[in-house]
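Heads up: the protein sequence lines correspond to chains A and B, in order.
Residue numbers for the first sequence follow numbering that gives the first Met the number 0, beginning at 0 and rising by one.
Residue numbers for the second sequence follow numbering that gives the first Met the number 0, beginning at 0 and rising by one.
Encoded as structure tokens, the structure appears first; notes follow it.
Protein chains: 2
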Amino acid sequence: MRDIRIALDMMGGDYGPRATIPAAIRAVEKYPYLHLYLCGHSQSIHTFLNKHNALNHPRLTVVHTEQVVNQDERPDIALRRKNRSSMRKALDLVEQDQADACVSAGNTGALLAMARYVLKTLPLIKRPALISSLPTYENEKVYLLDLGANIHQCPETLFQFAVMGSVMANEVEGIENPRVALLNVGEEEIKGSDHLKQAAEMLSKCKHINYVGFAEGNDIFSGKADVIVCDGFVGNVALKTIEGVAKLIISKLRALSEKSLFTKIMIGILMPGIRKLFSKMNPDHYNGASLVGLRGIVVKSHGNASAKAFYSAIKEAVKEAQRQVPHKIKDRVEQVLKDEE
Amino acid sequence: MRDIRIALDMMGGDYGPRATIPAAIRAVEKYPYLHLYLCGHSQSIHTFLNKHNALNHPRLTVVHTEQVVNQDERPDIALRRKNRSSMRKALDLVEQDQADACVSAGNTGALLAMARYVLKTLPLIKRPALISSLPTYENEKVYLLDLGANIHQCPETLFQFAVMGSVMANEVEGIENPRVALLNVGEEEIKGSDHLKQAAEMLSKCKHINYVGFAEGNDIFSGKADVIVCDGFVGNVALKTIEGVAKLIISKLRALSEKSLFTKIMIGILMPGIRKLFSKMNPDHYNGASLVGLRGIVVKSHGNASAKAFYSAIKEAVKEAQRQVPHKIKDRVEQVLKDEE
Chain A
0 MRDIRIALDM
10 MGGDYGPRAT
20 IPAAIRAVEK
30 YPYLHLYLCG
40 HSQSIHTFLN
50 KHNALNHPRL
60 TVVHTEQVVN
70 QDERPDIALR
80 RKNRSSMRKA
90 LDLVEQDQAD
100 ACVSAGNTGA
110 LLAMARYVLK
120 TLPLIKRPAL
130 ISSLPTYENE
140 KVYLLDLGAN
150 IHQCPETLFQ
160 FAVMGSVMAN
170 EVEGIENPRV
180 ALLNVGEEEI
190 KGSDHLKQAA
200 EMLSKCKHIN
210 YVGFAEGNDI
220 FSGKADVIVC
230 DGFVGNVALK
240 TIEGVAKLII
250 SKLRALSEKS
260 LFTKIMIGIL
270 MPGIRKLFSK
280 MNPDHYNGAS
290 LVGLRGIVVK
300 SHGNASAKAF
310 YSAIKEAVKE
320 AQRQVPHKIK
330 DRVEQVLKDE
340 E
Chain B
0 MRDIRIALDM
10 MGGDYGPRAT
20 IPAAIRAVEK
30 YPYLHLYLCG
40 HSQSIHTFLN
50 KHNALNHPRL
60 TVVHTEQVVN
70 QDERPDIALR
80 RKNRSSMRKA
90 LDLVEQDQAD
100 ACVSAGNTGA
110 LLAMARYVLK
120 TLPLIKRPAL
130 ISSLPTYENE
140 KVYLLDLGAN
150 IHQCPETLFQ
160 FAVMGSVMAN
170 EVEGIENPRV
180 ALLNVGEEEI
190 KGSDHLKQAA
200 EMLSKCKHIN
210 YVGFAEGNDI
220 FSGKADVIVC
230 DGFVGNVALK
240 TIEGVAKLII
250 SKLRALSEKS
260 LFTKIMIGIL
270 MPGIRKLFSK
280 MNPDHYNGAS
290 LVGLRGIVVK
300 SHGNASAKAF
310 YSAIKEAVKE
320 AQRQVPHKIK
330 DRVEQVLKDE
340 E
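What follows is the structure, given as structure tokens:
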């Protein structure tokens, strides 16, 4: 296995090094070929490395940065003023080909803006997309994109999202000839906006994509498709609605558990399983969401990410680096657009 | 209490009279001032009335119709060819002022198309919307609209949805000065499409609406607002995603229950409570969704509606008829637009 080098934004997320350091240590222990660049305040990083007896780990390199992008900082401000931040440094290392991928749990808007600025989109790609996988009823995975990288809508963008999603499902998840659907308000061909209908027509004509038609919101988890494509506005609302439902269920179960000692014990026993399920349903918490369509690999972990969630995001970055996802996307898009001419 | 007359489409939904007859009987038993028109195949209706010993109920009037709108029928076809259907008859009775409201569990698309054609939109109203309430963490209710009556997007439509949602929350749910939010991909003012920003500007200037800003998908259940407004595409995806999550959780709990006799018993005990919660989260199943912005009251019950769900939809129609919701919407919209001039 060739060496994989990943740059981590150690300061991002609610917990900073407290969560990112244990995740980094666990990752290098798991992958003997993994080298990590730990970008952030060196003093703070050293303190936590010391705490975990990993000060002199040969595959953990501390890269000192002074600035931190705040969770509520405006993306345009972060882009202009925080070019000496841990987030920016992690992206710069990918751009300079010193790292194969980067992972951050920082401010999503700032990360998207910086990543686009630093890494640039792949040739022929109109817009990048945020993609992640969710579980289905049958314990399969379904990729959903765009989860909010941009809210622009056009048929060509949706078509390219389908191509990128298909590559991800194929390369990262190993799904042969992934079934791709467009998210719509009905399954009938006459439903939806004109740009959706145009995207559907483009997809059904494309021999490189296994297009299976429209899917509705309840089909996300039904296993009808391996990749579900929508614009970033709709994807973001869907994802956050799922997060909201998860919180609602947990709050209701908690209320139910207060009813009697019996229900309290029962729900206490079930809760870890339920929480685990929900964390899977919120991909952001689970294995991170990936920004695809750029010249480098960027994995976004949730701002709330624990060490475990950040570790999962690193694993995702390792997988994508091994499969050289950006190259595969570039090749596939070129191939598809060439055939179209 | 003045008499309320409601026309029911007895043939709609998966179960037809098997579900709609018990619901109708329960409703007239509950409300002594309620008179129901039972539109559908008289023979089939009589059979079920007989079965429930309600053949000669003085407040149940059978209105014979020959045609039935199929669940998968195209709306435009239903509109053209099914003008002797139970669905159409129920709407006609409202239009002719013989009924104060109508309820159907039939084909949603067909109902929307027929309702618009038969009842027409209220003066000044650009487009009708499908609205329903969902539970919040704190056991309050939040109204969400549009759930898919139309997928057209424009600031004026969103603004009118906000007015109509505000009237519903105020009149039907009794919420004073309801807080209204626009569904967006972030809370910051700079987020979202231009038409959302324009709608936000219109709402923040309007003294008749208690506009509280943008809300995200996870805010639907958080109690941040009493009314959440979005276009029909986004609302439909959000609602169906909630339905998908509910099914996913139940399928996962079932899988978990297979693990041991212990978990089987525990989950068996919890399941009814969990199912009940989910039925509340899918308003369509629970109390129906209402089509607002028309000259009459139309409540849509789920195609899958049980007698209980159909009964809830009738109750919702009674409430709206008592509060004369269409009149209130008309007055409020006139008032708001007058002030704008």
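Glycine residues also receive a C-beta, built at the ideal position from the N, C-alpha and C atoms.
Computed from a predicted model, the values in this text were never measured in an experiment.
(Q) Between which residues of its own chain and B:F47 is the CB-CB distance below 6 Å, once the five residues before and five after are set aside? (A) Cβ within range, chain order: P16, I20.
Q. Between A:Y136 and chain B, is there a C-beta pair that is closer than 8 Å?
A. Taking 8 Å as the CB threshold, A:Y136 lines the interface with chain B.
Q.
Considering just the uninterrupted stretch of the alpha helix (DSSP H) at B:H56, what are its terminal residues?
A. It is not in any alpha helix (DSSP H) - B:H56 carries neither H nor E in the DSSP assignment.
Q) Does B:L129 get closer than 8 Å to chain A when you measure Cβ to Cβ? A) Residue-level contact check: B:L129 does not touch chain A, since none of the beta carbons of chain A fall below 8 Å from its beta carbon.
Q: Tell me whether B:A109 sits in a helix, a strand or coil according to DSSP, three-state version.
A: If DSSP states are grouped into helix, strand and coil, B:A109 belongs with the helices.
Q) What does a CB cutoff of less than 7 Å around B:F160 pick up in its chain, not counting 5 residues either side in sequence? A) So the list reads A128, L144, D145, V228, once near-sequence residues are dropped.
Q.
Please state the DSSP three-state secondary structure of B:K299.
A. B:K299 falls in the strand class under three-state DSSP.
**Q.** Simplified DSSP state of A:I44, which is helix, strand or coil
**A.** A:I44: helix per DSSP, three-state reduction.
Q) Does the beta-carbon of A:L183 have 16 or more other beta-carbons within 10 angstroms, so that it is buried, or is it exposed? A) The question names Leu, but residue 183 of chain A is Asn in the sequence shown. By the neighbour-count criterion, in which a residue is buried when 16 or more other Cβ atoms sit within 10 angstroms of its Cβ, A:N183 is buried.
Q: List the DSSP bridge partners of B:V226.
A: Partner residues in the beta bridge of B:V226, as assigned by DSSP, are B:Y142, B:V179.
Q. Going along chain B, which residues have a C-beta under 8 Å from A:M265?
A. Those within 8 Å of A:M265 in chain B are M265, I268, L269.
Q | Which listed residue (B:Q334, B:D330, B:V317) has its alpha carbon closest to that of B:D2 | A | B:D2 has its Cα closest to that of B:V317, out of B:Q334, B:D330, B:V317.
Q. Are the CB atoms of A:D225 and A:P271 nearer to each other than 8 Å?
A. Not in contact: A:D225 and A:P271 (Cβ atoms no closer than 8 Å).
(Q) Below 8 Å on C-beta distance, what does B:F220 contact in chain A? (A) Result: G243, V244, K246, L247.
Q. Does DSSP put B:P127 in a helix, a strand or coil?
A. Correct three-state label for B:P127: coil.
Q: State yes or no: is the beta carbon of A:A237 nearer than 8 Å to at least one beta carbon in chain B?
A: With 8 Å as the cut-off, A:A237 counts as an interface residue toward chain B.
Q: Starting from the Cα of A:E139, find the closest Cα among B:L247, B:M0, B:H326, B:S311 and give me that residue.
A: Among B:L247, B:M0, B:H326, B:S311, the Cα nearest to that of A:E139 is on B:L247.
Q) Got a sec, what are the start and stop residues for the beta strand (DSSP E) B:N209 sits in? A) From DSSP, the beta strand (DSSP E) with B:N209 extends over 209 to 214.
**Q.** Same chain only: Cβ atoms within 8 Å of A:L121, ignoring 5 sequence neighbours per side
**A.** Once the five neighbours on either side are set aside, the close Cβ partners of A:L121 are G292, L293, R294, P325, I328, K329, V332.
Q. Taking 8 Å as the CB-CB limit, is A:F232 close to chain B?
A. Judged by the 8 Å Cβ criterion, A:F232 is in contact with chain B.
Q) Could you give the C-beta distance for B:A148 and B:L54, rounded to a whole number, given that I count them as a contact under 8 Å? A) Cβ-Cβ separation between B:A148 and B:L54: approximately 37 Å, too far for a contact (criterion under 8 Å).
**Q.** Contact with chain B by A:I150, beta-carbon distance below 8 Å
**A.** A:I150 counts as touching chain B.
Q.
With three or more C-beta pairs closer than 8 Å as the rule, is the segment 240 to 258 of chain B touching the segment 251 to 260 of chain A?
A. The segment 251 to 260 of chain A is not in contact with the segment 240 to 258 of chain B.
Q: Since I believe B:A214 is in contact with B:K223 (beta carbons under 8 Å), could you give me their beta-carbon distance rounded to a whole number of angstroms?
A: About 5 Å; that satisfies the 8 Å criterion.
Q: Starting from the C-beta of B:T107, find all residues in its chain whose C-beta is less than 7 Å away, skip the five residues before and the five after it, and write them out in chain order.
A: Hits under 7 Å: K299.
(Q) Can you check whether the C-beta of B:K251 is within less than 8 Å of a C-beta belonging to chain A? (A) It does; some Cβ of chain A falls within 8 Å.
(Q) Three or more C-beta pairs under 8 Å: does that hold for the segment 94 to 103 of chain A against the segment 299 to 316 of chain A? (A) Taking a cut-off of 8 Å for Cβ pairs, the segment 94 to 103 of chain A and the segment 299 to 316 of chain A touch, as three or more such pairs fall below it.
**Q.** Minimum C-alpha distance to B:L133 - residue among B:G231, B:D338, B:F232, B:F220
**A.** Here the closest residue by C-alpha is B:F220.
Q) Between A:S43 and A:V68, which are expected to be in contact by the criterion C-beta below 8 Å, what is the C-beta distance as a whole number of angstroms? A) Contact flag wrong, Cβ pair sits at about 15 Å.
Q) Can you name the residues of chain A whose CB is closer than 7 Å to the CB of B:E215? A) Here the neighbours are K239.
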